[in-house]
Each structure stands twice: as C-alpha cells, then as structure tokens.
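Chemist:
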Amino acid sequence: MEDAQLYVSANAMQRRDALLVLSEYLPQMSWQEEGEAVLDIGCGSGDVTRNLLMPLLPRVEQVTGVDVSSEMVGYASKTFQHNTLSFRHLDIENSIQPRQIFPDGFTKVFSFYCLHWVRGQDQCLRNIYQLLQPGGEALLVFLANNPLFTMYENMSLKPQWHQYMQDVSNYVSVYQHKSDPAQAMVEVAEEAGFEVVSCEAPTLEFIFQNINYVKNAIKAVNPFVKRVPQEKQEAFLKECLTELASLKTQRSDGQMVASHTWDDARVYCQDRGGDLACIHSCDDFGQIVRHIHMSGQEVPLDFSYWVGGTDRGDEGAWFWVDNTPMVLGVPFWGEINSTVHEPSGGVDQNCAQMFHNDRYYMHDGECDKHAYALCQYGIVGTYQG
Ligand SMILES: C[S@@+](CC[C@H](N)C(=O)[O-])C[C@H]1O[C@@H](n2cnc3c(N)ncnc32)[C@H](O)[C@@H]1O
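Numbering (UniProt numbering) for the sequence shown: 1 to 385.
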C-alpha cells in the first residue's frame with residue numbers, strides 16, 4: 001500500500017470499523033491520570049490516528065503512528081504531524097527488538113486494518129507485547145475472513161493474471177481459512193504473553209453506495225495492481241470488481257457488497273448474459289421471494305433488489321425490459337404505511353424494485369439510487385397477458 005491520497009479518499013469502511021470498535025472498547029480500557037503513551041501500528045495515511053483515534057482518547061501525552069511503508073509515513077507526517085503526534089517507520093512483523101527503537105514503550109497499543117497484512121503473527125504479537133509497558137493494553141482490529149481475499153485467490157487462478165499474483169497467499173489473511181479465527185488469534189496472543197480480555201470475529205456488512213467507490217477502495221489496498229502493466233490495470237481492476245460482485249451474488253462468504261443504480265444493475269446482469277428480472281406471474285414472484293429467503297440472499301433492511309421494470313419513457317406506463325407491460329396492483333406491488341399503493345413516486349421514481357421492508361413487494365424507486373441487481377438468465381421474450 002503506497003498511495004496514501006487514494007487510500008484517504010476510499011477508506012470509509014475502515015473508518016466505520018475503527019469507530020465501531022473504539023466506541024465499544026475504549027470505555028472498557030483503564031485510563032491513567034498522568035496521560036498515556038499511545039502507539040498506532042500500521043497507521044497508513046494517518047487520518048484514522050489523527051481524526052478518529054486521538055479525539056476519542058480520554059488522556060494522551062503522546063501518540064506515535066508507525067507503518068512499514070515509507071510513503072505512508074511520509075504522507076502522514078506531512079499531513080497530520082503535530083506536537084502530540086508523530087509518525088515513524090516500523091515493520092511490526094520483522095522488527096527485531098522494537099523496544100530498542102522505542103525504549104520507553106507504550107501504555108496503549110492500537111492497530112486498525114493492519115494485521116491481516118502480516119504472515120508472521122507470532123513474531124508480530126511478540127513485538128507488540130514487547131512494546132507495551134507492564135500493565136499496558138492493546139486493541140487490535142483486522143480482517144479475519146473477507147471476500148476480498150477470496151477474490152484475490154480466484155483472480156490468481158486466471159491465466160491472464162496468474163503471473164502477477166503467484167505469491168497471492170502472502171496477501172490473504174492467515175485467518176481466512178480458519179474455522180474459528182478468534183480462537184486462533186487468542187492462541188497466538190496468549191503464546192506471546194498477552195492476557196486476552198476479549199477476542200471476537202463478528203460478521204459485519206458494509207454497503208458501498210457507489211461502484212466507483214468500491215473500485216477505488218479495492219485499488220487503494222490491492223497489492224497486485226502496480227505489478228500489472230499500466231495499460232492492463234484498468235481491465236485488471238474491472239475484473240477484480242466483477243469477481244467480488246459475483247462472490248456477493250453467491251453470498252458464499254461475503255459481507256462486502258456493492259449496490260448499483262438501476263442502469264448499472266442492468267449492465268451488471270447483461271455482462272453475465274442476462275438482464276434484470278422480469279416477473280410475469282404470481283408464481284414466479286412467490287418463488288423469487290422464497291428463493292431470496294431460503295438462499296440467504298436477503299438485502300439489508302431499507303434496501304431493495306432492482307428488477308427489470310420501468311416507466312421512464314412514459315410516466316405511468318410501466319413496462320418490463322422485455323417490452324411486456326407490467327401488471328399493476330396486487331399481487332406484485334406493495335404499499336407505503338398500508339395506505340398508499342405503489343407505484344406512487346410519479347415522475348421522480350421510475351424504476352421498479354423489490355423492497356425488503358415491504359416483504360419484497362414492488363415499489364417504484366429513483367433510478368439513480370442504489371439497490372442490488374436481481375438478474376434473470378434466459379429471458380423468454382413473449383408474454384401471455
Ligand atoms: C489498510 S491500511 C490501514 C491504515 C489505518 N490504520 C486505517 O485504519 O485506515 C494498512 C497499513 O498497514 C501497513 N502495514 C502492513 N504491514 C505492516 C507491517 N508489517 N508493519 C507495519 N505496518 C504494516 C500498510 O503499509 C498500511 O499502511
């Protein structure tokens with residue numbers, strides 16, 4: 001990771017998670033009167049250290065951010081350094097005797113989204129332990145299992161990208177394939193000398209509201225892209241995105257999800273040889289809703305699946321993308337607050353979606369808002385009305 005500027009512009013998920021964990025665990029840590037010496041390992045661009053961590057710390061004397069990347073340390077120093085915050089180079093995995101670099105040690109150690117980059121967890125945890133003063137505390141947040149890593153693994157099997165990704169396993173979290181990653185982490189930490197107060201591997205979902213944001217987020221942390229010749233980088237990233245989206249579609253292990261505008265959702269389905277779903281019968285409708293429930297492909301509450309219906313060309317004249325007219329009313333369309341019948345959005349809402357909050361009954365939505373794509377393959381072009 002070297003492009004600090006890109007990372008700062010695309011790290012909403014990392015910031016969300018840092019905030020989530022800090023809100024839960026900072027109050028549980030013990031804070032001493034005389035101020036704390038704080039270390040943030042893998043501080044990257046430094047914005048999480050400066051803008052999230054520091055304002056939440058009850059008492060601070062000095063905060064030090066460290067990172068293995070000189071580019072990141074340079075950016076962080078230039079952008080965020082001030083009298084109580086400094087940045088230094090440190091490889092937490094390969095450093096021998098880090099306490100020689102920081103002889104006073106630290107009372108608190110934090111690390112956000114860094115340790116999944118580390119292969120040698122034992123040495124890393126021993127180094128963190130060594131950097132802590134007696135009675136010090138550490139809060140370590142990182143990815144255990146993530147579809148991002150499955151995407152790397154799948155991409156590395158493709159002949160056109162294999163040569164750039166032969167060492168893919170070096171960039172997959174060592175906990176990715178563990179059945180109980182939290183327990184595995186506890187064992188390494190205890191072996192290093194820690195008394196573990198809490199170790200959890202919760203399943204979190206993050207909704208990227210914009211496909212370009214996902215692309216930048218992937219690019220910012222993707223260790224392979226700079227190995228790919230410049231002229232192929234765009235194709236590589238696009239395929240990373242497609243691969244990631246397909247993991248979400250199958251919901252095999254994925255929480256990292258991407259949503260689309262109605263038009264983008266349509267292109268997404270067409271790229272896979274289909275189109276947005278056209279639902280012509282009550283039976284089809286019921287089967288699709290059942291399939292969503294049974295296959296665990298629920299979208300978050302307040303979210304929807306785009307389907308292939310629109311009245312964009314002619315207000316009030318709803319057609320499926322296979323050019324057949326859409327039946328209005330029951331049993332397809334839902335209601336708002338059991339009073340207003342959908343579609344009710346007039347000229348502002350011209351695309352059809354199955355709305356989770358209304359048991360997936362159809363609502364009209366603004367076509368440029370984001371929802372998930374409900375694709376259908378092998379669309380039959382005729383309709384018996
Ligand atoms: C995804 S960034 C996280 C940055 C920041 N903590 C945040 O939450 O936004 C991960 C950082 O860990 C750093 N890193 C990876 N391996 C490291 C190591 N062995 N020692 C120190 N830093 C490392 C990378 O250079 C990168 O800047």
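Glycine included, each C-beta is placed from N, C-alpha and C at the ideal position.
Can you have a look at Y377 and say buried or exposed, based on whether 16 or more other CB atoms are within 10 angstroms of its CB?
Modeler: Sequence index remark: in the sequence shown, residue 377 carries index 377 (1-based). Answer is exposed; the Cβ neighbour count stays below 16.
Chemist: Are the Cβ atoms of I288 and W320 separated by less than 9 Å?
Modeler: Position 288 of the sequence shown, counting from 1, holds the residue named residue 288. Position 320 of the sequence shown, counting from 1, holds the residue named residue 320. No, the pair does not count as a contact, with Cβ atoms beyond the cut-off.
Chemist: May I have the straight-line CA-CA distance separating N11 from Q233, to the nearest angstrom?
Modeler: On the sequence shown, position 11 is the one that residue 11 refers to. On the sequence shown, position 233 is the one that residue 233 refers to. Rounded to whole angstroms, N11 to Q233 spans 21 Å at the Cα level.
Chemist: Could you name each continuous alpha helix (DSSP H) segment of 4 residues or more that falls completely within the UniProt domain "C-type lectin" (261-376), going from the start of the chain to the end?
Modeler: The UniProt domain "C-type lectin" (261-376) contains these whole alpha helix (DSSP H) runs: 262-271 and 282-294.
Chemist: Taking only runs of the alpha helix (DSSP H) that begin and end inside the stretch 46-96, which ones reach a length of at least 4 residues, in chain order?
Modeler: The qualifying runs are 70-80.
Chemist: Taking all protein chains shown into account, do 16 or more other C-beta atoms lie within 10 angstroms of the C-beta of Q14, making it buried, or fewer, making it exposed?
Modeler: Within the sequence shown, numbered from 1, the residue matching residue 14 stands at position 14. Counting Cβ neighbours within 10 Å, Q14 comes out buried, since at least 16 surround it.
Chemist: Is A201 helix, strand or coil when you go by DSSP?
Modeler: For the purposes of this step, residue 201 is taken as residue 201 along the sequence shown, with counting starting at 1. Correct three-state label for A201: coil.
Chemist: Excluding sequence positions up to five away, which residues of its chain have a Cβ less than 7 Å from the Cβ of V225?
Modeler: By 1-based counting over the sequence shown, the position of residue 225 is 225. Closer than 7 Å at the Cβ level, and outside the excluded window around V225, lie K219, Q233, F236 and L237.
Chemist: Helix, strand or coil for K108 per DSSP?
Modeler: Here residue 108 refers to the residue found at position 108 of the sequence shown. Looking at K108 - three-state DSSP - the assignment turns out to be strand.
Chemist: Can you give the Cα-Cα distance for E71 and C269, rounded to whole angstroms?
Modeler: Along the sequence shown, one-based indexing puts residue 71 at 71. Along the sequence shown, one-based indexing puts residue 269 at 269. For E71 and C269, the distance between alpha carbons rounds to 39 Å.
Chemist: Hey, how far is the Cα of residue 421 from the Cα of Q176?
Modeler: Shown here, the chain extends from 1 to 385; a query on residue 421 therefore has no answer.
Chemist: Please confirm whether L90 and V68 have their CB atoms less than 9 Å apart.
Modeler: For the purposes of this step, residue 90 is taken as residue 90 along the sequence shown, with counting starting at 1. For the purposes of this step, residue 68 is taken as residue 68 along the sequence shown, with counting starting at 1. Result yes, Cβ atoms of L90 and V68 sit closer than 9 Å.
Chemist: Measure from the alpha carbon of A201 to the alpha carbon of each residue in Y213, D180, Q349 and H363, then state which is nearest.
Modeler: Residue numbering aside, residue 201 sits at position 201 when the sequence shown is read from its first letter. Residue D180 is the option with its Cα nearest to A201.
Chemist: For R290, which of H370, L328 and Y360 has the nearest alpha-carbon?
Modeler: Looking up residue 290 in the sequence shown gives position 290. R290 has its Cα closest to that of Y360, out of H370, L328 and Y360.
Chemist: Which residue's Cα is closest to the Cα of E2: E231, N222 and E366?
Modeler: Numbered from 1 along the sequence shown, position 2 holds the residue referred to as residue 2. Ranking the options by Cα distance to E2, first place goes to N222.
Chemist: Tell me whether L39 sits in a helix, a strand or coil according to DSSP, three-state version.
Modeler: Against the sequence shown, residue 39 aligns to sequence position 39. L39: strand per DSSP, three-state reduction.
Chemist: Where does the unbroken beta strand (DSSP E) through A138 begin, and where does it stop?
Modeler: On the sequence shown, position 138 is the one that residue 138 refers to. Per DSSP, A138 belongs to the beta strand (DSSP E) from L132 to V141.
Chemist: So what does DSSP say about F206, is it helix, strand or coil?
Modeler: Along the sequence shown, one-based indexing puts residue 206 at 206. Residue state, collapsed to three classes: strand.
Chemist: Starting from the Cα of D368, find the closest Cα among W262, A76, V174 and E153 and give me that residue.
Modeler: Sequence index remark: in the sequence shown, residue 368 carries index 368 (1-based). Selected option, being the one with the closest Cα: W262.
Chemist: How about G309: is its Cβ closer than 8 Å to a heavy atom in ligand 2?
Modeler: The model depicted lacks ligand 2 and carries ligand 1 instead.
Chemist: Is DSSP giving L237 helix, strand or coil here?
Modeler: Indexing the sequence shown from 1 puts residue 237 at position 237. Reduced to three states, the DSSP call for L237 is helix.
Chemist: With G345 and M362 assumed to form a contact (beta carbons below 8 Å), what rounded beta-carbon distance in angstroms separates them?
Modeler: The sequence position of residue 345 within the sequence shown is 345, counting from 1. The sequence position of residue 362 within the sequence shown is 362, counting from 1. The pair is not a contact, with the Cβ atoms about 12 Å apart (cut-off 8 Å).
Chemist: DSSP three-state label for M165, please.
Modeler: Along the sequence shown, one-based indexing puts residue 165 at 165. Reduced to three states, the DSSP call for M165 is coil.
Chemist: For the alpha helix (DSSP H) containing Q5, name the first residue and the last one.
Modeler: Against the sequence shown, residue 5 aligns to sequence position 5. From DSSP, the alpha helix (DSSP H) with Q5 extends over A4 to S9.
Chemist: Return the chain-ordered list of same chain residues with a C-beta closer than 8 Å to the C-beta of R119, the five sequence neighbours on each side being excluded.
Modeler: Taking the sequence shown and counting its residues from 1, the one referred to as residue 119 is at position 119. Hits under 8 Å: E93, N170 and V174.
Chemist: Span of the alpha helix (DSSP H) holding E33?
Modeler: In the sequence shown, the residue the question calls residue 33 occupies position 33. Neither: E33 is in no alpha helix (DSSP H) and is coded neither H nor E.
Chemist: Could you spell out the range, first to last residue, of the alpha helix (DSSP H) harbouring K219?
Modeler: Taking the sequence shown and counting its residues from 1, one reaches residue 219 at position 219. I211 to V221 is the extent of the alpha helix (DSSP H) around K219.
Chemist: Please classify T64 as buried or exposed, where buried requires at least 16 other C-beta atoms within 10 Å of its C-beta.
Modeler: As a working note, residue 64 is residue 64 in the sequence shown. With 16 or more other Cβ atoms within 10 Å, it is buried.
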